[in-house]
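Q: Residue numbers (mature numbering (1 follows the signal peptide of the UniProt record, and there is no 0)): -20 to -1, 1 to 82.
We treat Cβ as the ideally placed atom computed from N, Cα and C, and that holds for glycine.
A quick note: this is a predicted structure, and the numbers were derived from the prediction, not measured.
1. For residue 43 and residue 68, I'd like the C-alpha separation in whole angstroms.
2. According to the Cβ coordinates, are residue 35 and residue 10 closer than 8 angstroms?
3. Less than 8 angstroms separating the beta-carbons of residue 56 and residue 23?
4. Could you tell me the alpha carbon to alpha carbon distance between residue 74 and residue 47, rounded to whole angstroms?
5. Counting C-beta neighbours from all protein chains within 10 Å, is the total for residue 70 16 or more, i.e. buried, or is it exposed?
6. What residues in its chain sit with their C-beta under 6 angstroms from that of residue 72, if we drop five residues either side in the sequence?
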């Protein structure tokens, strides 16, 4: 039984690793495209993290996760204050990852 579980786990990890693809050039392009217009420090950090999740650490990234990070990339570069950055993050979260849609 332990051997079967180990084989299934090994197969899952192998298949999962195939679907997760690190794209360093895509990450760099994402950062250059979205950070260049950002003025607020927190927004820059969140944008960089979103690019990292979409292009580098994308293992087990769901469609909802992709939509959330894409929402951040679409709206955060225009943020001029930390308050606006938090508001954008909250709305993107509620729209794409929240349990209830408003």
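A: Working from what's here:
1. 19 angstroms
2. Going by C-beta atoms, residue 35 is nearer than 8 angstroms to residue 10.
3. yes
4. Taking the CA atoms as reference points, residue 74 sits about 11 angstroms from residue 47.
5. Exposed.
6. 48, 51, 52
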